[in-house]
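Residue numbers (the numbering used here), protein chains in the order written: chain Z, 14 to 287; chain B, 14 to 287; chain V, 14 to 287.
Note that CB positions come from ideal geometry on N, CA and C, so glycine has one too.
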Amino acid sequence: MFEAILENVSQKVPIVHAITNYVTVNDCANIILASGGSPIMADNIYEVEEITSICHALVLNIGTLNDVLVESMVKAAKRANEIGNPVILDPVAVGASKLRTGTVNRLMEEVKFSVIRGNISEIKAIGLGTGSTKGVDADEADAVCADNLEATIEFAKKVSYRTGAIIAISGAIDIVTDDKNTYIIKNGHGMMAKVTGTGCMLTAVIGSYCGANKDNLLEATAAATAAMGLAGELAHTKLVQNDFGTSTYRTYIIDYMSQMNSKILNGGIKIESR
Amino acid sequence: MFEAILENVSQKVPIVHAITNYVTVNDCANIILASGGSPIMADNIYEVEEITSICHALVLNIGTLNDVLVESMVKAAKRANEIGNPVILDPVAVGASKLRTGTVNRLMEEVKFSVIRGNISEIKAIGLGTGSTKGVDADEADAVCADNLEATIEFAKKVSYRTGAIIAISGAIDIVTDDKNTYIIKNGHGMMAKVTGTGCMLTAVIGSYCGANKDNLLEATAAATAAMGLAGELAHTKLVQNDFGTSTYRTYIIDYMSQMNSKILNGGIKIESR
Amino acid sequence: MFEAILENVSQKVPIVHAITNYVTVNDCANIILASGGSPIMADNIYEVEEITSICHALVLNIGTLNDVLVESMVKAAKRANEIGNPVILDPVAVGASKLRTGTVNRLMEEVKFSVIRGNISEIKAIGLGTGSTKGVDADEADAVCADNLEATIEFAKKVSYRTGAIIAISGAIDIVTDDKNTYIIKNGHGMMAKVTGTGCMLTAVIGSYCGANKDNLLEATAAATAAMGLAGELAHTKLVQNDFGTSTYRTYIIDYMSQMNSKILNGGIKIESR
Numbered sequence: 014m015f016e017a018i019l020e021n022v023s024q025k026v027p028i029v030h031a032i033t034n035y036v037t038v039n040d041c042a043n044i045i046l047a048s049g050g051s052p053i054m055a056d057n058i059y060e061v062e063e064i065t066s067i068c069h070a071l072v073l074n075i076g077t078l079n080d081v082l083v084e085s086m087v088k089a090a091k092r093a094n095e096i097g098n099p100v101i102l103d104p105v106a107v108g109a110s111k112l113r114t115g116t117v118n119r120l121m122e123e124v125k126f127s128v129i130r131g132n133i134s135e136i137k138a139i140g141l142g143t144g145s146t147k148g149v150d151a152d153e154a155d156a157v158c159a160d161n162l163e164a165t166i167e168f169a170k171k172v173s174y175r176t177g178a179i180i181a182i183s184g185a186i187d188i189v190t191d192d193k194n195t196y197i198i199k200n201g202h203g204m205m206a207k208v209t210g211t212g213c214m215l216t217a218v219i220g221s222y223c224g225a226n227k228d229n230l231l232e233a234t235a236a237a238t239a240a241m242g243l244a245g246e247l248a249h250t251k252l253v254q255n256d257f258g259t260s261t262y263r264t265y266i267i268d269y270m271s272q273m274n275s276k277i278l279n280g281g282i283k284i285e286s287r
Numbered sequence: 014m015f016e017a018i019l020e021n022v023s024q025k026v027p028i029v030h031a032i033t034n035y036v037t038v039n040d041c042a043n044i045i046l047a048s049g050g051s052p053i054m055a056d057n058i059y060e061v062e063e064i065t066s067i068c069h070a071l072v073l074n075i076g077t078l079n080d081v082l083v084e085s086m087v088k089a090a091k092r093a094n095e096i097g098n099p100v101i102l103d104p105v106a107v108g109a110s111k112l113r114t115g116t117v118n119r120l121m122e123e124v125k126f127s128v129i130r131g132n133i134s135e136i137k138a139i140g141l142g143t144g145s146t147k148g149v150d151a152d153e154a155d156a157v158c159a160d161n162l163e164a165t166i167e168f169a170k171k172v173s174y175r176t177g178a179i180i181a182i183s184g185a186i187d188i189v190t191d192d193k194n195t196y197i198i199k200n201g202h203g204m205m206a207k208v209t210g211t212g213c214m215l216t217a218v219i220g221s222y223c224g225a226n227k228d229n230l231l232e233a234t235a236a237a238t239a240a241m242g243l244a245g246e247l248a249h250t251k252l253v254q255n256d257f258g259t260s261t262y263r264t265y266i267i268d269y270m271s272q273m274n275s276k277i278l279n280g281g282i283k284i285e286s287r
Numbered sequence: 014m015f016e017a018i019l020e021n022v023s024q025k026v027p028i029v030h031a032i033t034n035y036v037t038v039n040d041c042a043n044i045i046l047a048s049g050g051s052p053i054m055a056d057n058i059y060e061v062e063e064i065t066s067i068c069h070a071l072v073l074n075i076g077t078l079n080d081v082l083v084e085s086m087v088k089a090a091k092r093a094n095e096i097g098n099p100v101i102l103d104p105v106a107v108g109a110s111k112l113r114t115g116t117v118n119r120l121m122e123e124v125k126f127s128v129i130r131g132n133i134s135e136i137k138a139i140g141l142g143t144g145s146t147k148g149v150d151a152d153e154a155d156a157v158c159a160d161n162l163e164a165t166i167e168f169a170k171k172v173s174y175r176t177g178a179i180i181a182i183s184g185a186i187d188i189v190t191d192d193k194n195t196y197i198i199k200n201g202h203g204m205m206a207k208v209t210g211t212g213c214m215l216t217a218v219i220g221s222y223c224g225a226n227k228d229n230l231l232e233a234t235a236a237a238t239a240a241m242g243l244a245g246e247l248a249h250t251k252l253v254q255n256d257f258g259t260s261t262y263r264t265y266i267i268d269y270m271s272q273m274n275s276k277i278l279n280g281g282i283k284i285e286s287r
């Protein structure tokens, strides 16, 4: 499964343009490299169009926003839309402030997103215009579990239909869906929440995978989600063996992403497609 | 000792709002997580009040300053003061430029700080209006040692009295004091100075511990200082066994912070209270 | 070879002022420390002159540019020129956008650079006014190899003559030259390209070595280049033994830089001087 997706990344070495937050930017650059892509972080409004024109995907992450950044995002994204590059949005902590909600609304009005990836609280904030975002983490009350899985999938499909974007909801159970097809992915480990930016990193990997698979974005997004989750699982197994802590865990997650291939992925993937 | 402090962090998972420099921001976020808190880095003036309102502590770090950042700091801190959240200041390299000194003076005029943490040169710059700050590191001539310990404690108490903040001076010997009670802490390792941001990271941990212990800020600050120092010691012991260098050391420090608990802390703490 | 260069770094602990990008800034600070220097990252126009005045070298890196940053760079560099501090330029991805090319042109007009370090595509963009920069990485078509080595050295010498700066070209074969003397260095490992910022880190180390060796900048730049390459080689050997990935590799590179000394350097250096 996903052999062609990974093969395309490996062959094409997609250049990923990221306009992202300064907290996790280094990890995002390193995991794009680890995933087989080549990162370029450029946010100056006077160059974002040129930069995005030599890239294969654009990732927008609103983790730390300033007004200049939003204008750069809009400009870069319009150009990416023009040339047919996938544009991926990570609406970090949308719902936690009017600024974030307003920014996401504006971006969604002006830009055609290929993929929107967030935790369940962030996707609720987008889909329902409301949400109980608890800072950068999902509210526990929102968590996707067996009981609300079907309802959450239906909700995600509706958000996808309304936004025109693939919706990727991250959590203990990941959902990746457009308004027709859905992947349910159960890879990952709860300790990933103890490393800052694992969500941002996943979004960056989605950028890399989508950049090399423009005609197959749903599968690319699902493959990236499964690969990141599996990297987190494998890293946790190794971590337990060595009795280390959360910073070594961060290192191992990126390490395993850099070693990911179809064989490893298919050896550990826990996915359901419908 | 400090069992209740650590237990409160563990129970409450304090959300720490940090307006901090872009050099060490990722390490600060990760060590807040490692210490048991939840970080949110947000510096946009249009959202800092909302963000700080959902948090339990606010950390201000002037490592890389721009004018916009200072206005955001003032706005966030005034709101934190209003709602009774502890506000912690890390006056990085104050005394090294008029901008830094002016900024700290302005912040101290407009904001009620709960804790100010710096190296001895930085605290001297605040307390005496002068200092021999050598870039981001303390001047060796200022170092706290057995000979000047008593005088330094008296000085720290005066700064605390004048500022109304707990003063935490980091170095080979750490001093944590308000104008009445003092903790003298001898944990830590000299090699911590070879990792950028160990000071910033300690300030972030103080934010986390204080956020969960609003009624006991002096003990919370002392506990955070001891925990960080001990993490640095344990990390160094492990580092020597493995013959690695400064980057592995950084990883180990955060690792040990993520494994810290009352039993480990009390097994290694070197503290005197008076 | 280079014993005096490394001894001077160790004795003087040069303070390196870096105005650099927010992607790799933490790695740059940590590798300056690892190399024996002391980093200070300060980019506010109201303090850069004061800050640079207490430093021994200035590093300018255009990885993530904004207009304010460029003004700060010019102001800091003019002051560094006045006081005789070496100024090192890392023209990240110059040629990839008009903004980057225009910025580098302006910097070269207003500032006297001691060293310019880039990959071959970046140095071509500077030397020929054109280049095929592929994002932040060198274009494969530009790669320095046995066949074009002599021609590339001649080209580098001309760029050095025209700019007045030592030119350091990084790649599988590194060239460090002024318009008279040249070092050809074959240390390093291809996997270094899978870690973001290894180029930025090398530039930071050059700042550290040059800051402690103001009268011997060519040798200092060559020594830094060899030390970084050797750190990358040693780190790769260790990595293979442990079967880890790219994030552990990053950690090991900085680790080996922190353990570098004349004995290790001379045990592994692959250098030709002419």
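At a cut-off of 8 Å, the C-beta of Leu112(B) has a neighbouring C-beta in chain V. Per DSSP, reduced to three states, the secondary structure at Gly131(B) is strand. For Asp187(B), the beta-bridge partners assigned by DSSP are Ile198(B). Spatial neighbours of Ile267(B) in its own chain (CB-CB distance under 6 Å, excluding positions within 5 residues in sequence) are listed in chain order as Asn43, Ile44, Ala47. Between Asn161(Z) and Ile32(V), the alpha-carbon positions lie close to 50 Å from each other. Secondary structure of Ile58(V) (DSSP, three-state): coil. Residue pairing by DSSP places Ile180(B) opposite Ile129(B), Thr190(B) in a beta bridge. The Cβ of Asp40(Z) sits closer than 8 Å to at least one Cβ of chain B. Secondary-structure assignment with DSSP links Asn74(Z) through a beta bridge to Asp103(Z). Residues of chain V whose Cβ lies closer than 7 Å to the Cβ of Asn57(Z) are, in chain order, Leu78, Asn79, Leu112. His202(B) is the residue among Lys227(B), His202(B), Val208(B), Thr264(B) whose C-alpha sits nearest the C-alpha of Ile282(B).
Within chain B, the C-beta atoms nearer than 9 Å to that of Glu60(V) come from Leu78, Ala109, Ser110, Lys111, Leu112, Arg113, in chain order. Judged by pairs of C-beta atoms under 8 Å, the stretch 154-171 of chain V does not touch the stretch 73-90 of chain V, as fewer than three such pairs exist. Nearest Cα to Val29(V) within the set Cys223(V), Arg263(V), Glu95(V), Ile136(V): Cys223(V).
According to the DSSP assignment, Ile44(V) belongs to the alpha helix (DSSP H) that extends over 38-47.
For His249(Z), the enclosing alpha helix (DSSP H) has its first and last residue at 230-255.
Using beta-carbon distances, Ser221(V) does not count as an interface residue toward chain B, since no partner is under 8 Å. Contact annotation for Ala70(V) against chain B: no contact, minimum CB-CB distance about 12 Å [criterion: below 8 Å]. By the beta-carbon neighbour count (other beta carbons within 10 angstroms, threshold 16), Ser221(Z) is buried. Under the Cβ distance rule, Arg263(V) counts among the residues neighbouring chain Z, one pair being separated by less than 8 Å. Residues are counted here when their Cβ sits less than 8 Å from a Cβ of chain Z; for the stretch 219-250 of chain B the count is zero. In the DSSP secondary-structure assignment, Pro52(V) is bridged to Val29(V).
Annotated as proximal: Ile129(V) and Ile180(V), with beta-carbon spacing under 8 Å. Interface flag for Ala106(V) against chain Z is set, since a Cβ pair is found closer than 8 Å. By the rule that beta-carbons nearer than 8 Å mark a contact, Gly258(B) touches chain V. As a beta-bridge residue in DSSP terms, Glu285(V) pairs with Ile197(V). Distances from the CA of Glu84(Z) to each of Asn255(Z), Glu246(Z), Ala236(Z), Glu60(Z) were compared; the closest alpha carbon is that of Glu60(Z). A Cβ of chain V is located within less than 8 Å of the beta carbon of Glu63(Z). Bridge pairing for Asp152(Z): absent [DSSP]. Ranking Arg175(B), Ala236(B), Lys251(B) by CA distance to the CA of Asn279(B) puts Ala236(B) first.
If you ignore the 5 residues before and after Glu135(B), its C-beta comes within less than 8 Å of the C-beta of Pro104, Val105, Ala106, Val107, Gly108, Gly144, Thr146, Ala151, all in its own chain and listed in chain order. Boundaries of the alpha helix (DSSP H) around Ser85(Z): 80-96. Boundaries for Ser110(V): no alpha helix (DSSP H) harbours it, and the DSSP string shows neither H nor E there. DSSP places Ala217(V) inside the alpha helix (DSSP H), whose first and last residues are 211-224. Listed by position along chain B, the residues whose Cβ is nearer than 8 Å to that of Lys207(Z) are Leu46, Ala47, Ser271.
Contacts with chain V (Cβ-Cβ distance below 9 Å) from the stretch 25-40 of chain B involve Asn34, Tyr35, Val36, Thr37, Val38, Asn39, Asp40, listed in chain order.
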